[in-house]
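Under my numbering, residues 70 to 154 are what the sequence shown spells out, in order.
Beta carbons: idealized from backbone N, C-alpha and C, even for Gly.
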Amino acid sequence: MTTTCAAPDCAKSARARGYCDTCYRRFKKHGDATVKLAPGRREPRVKGPTLWVVTCGECGATVALVQKPTDGWPYLEAHVCEVAS
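Structure below.
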């Protein structure tokens with residue numbers, strides 16, 4: 070015999086402490102199984118471009134690494150080392 074979840078407005082079968090998996094996770098995280106957060110993404114950690122200035126290991130030139138908030142990955146800004154390998 071299966072029992073239903075103890076949370077109001079939830080008809081899923083209970084698995085842990087009288088709650089379904091989703092409601093039990095909410096109970097463990099927030100202390101209340103009825104908490105429902107608005108769907109969506111969190112704010113990005115970096116609101117604007119972040120700039121690091123470093124030195125090239127081969128030629129000693131100044132290199133700028135820029136991290137844009139849209140992609141999150143740093144990329145090399147306008148430097149090609151001209152030292153032949």
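Helix, strand or coil for T131, going by three-state DSSP, please let me know.
It is a strand residue.
Please classify A102 as buried or exposed, where buried requires at least 16 other C-beta atoms within 10 Å of its C-beta.
Buried, because 16 or more other Cβ atoms sit within 10 Å of the Cβ of A102.
Below 8 Å on the Cβ atoms is my contact criterion, and I expect Y88 with A75 to pass it. Report the Cβ-Cβ distance as a whole number of Å.
Going by Cβ atoms, the distance from Y88 to A75 rounds to 6 Å, so yes, they are a contact pair.
Please state the DSSP three-state secondary structure of T124.
DSSP places T124 in strand when its eight states are reduced to three.
Compute the Euclidean distance between the alpha carbons of F156 and G126, then round it to the nearest angstrom.
For residue 156 there is no data in the structure shown, the boundaries of the chain being 70 and 154.
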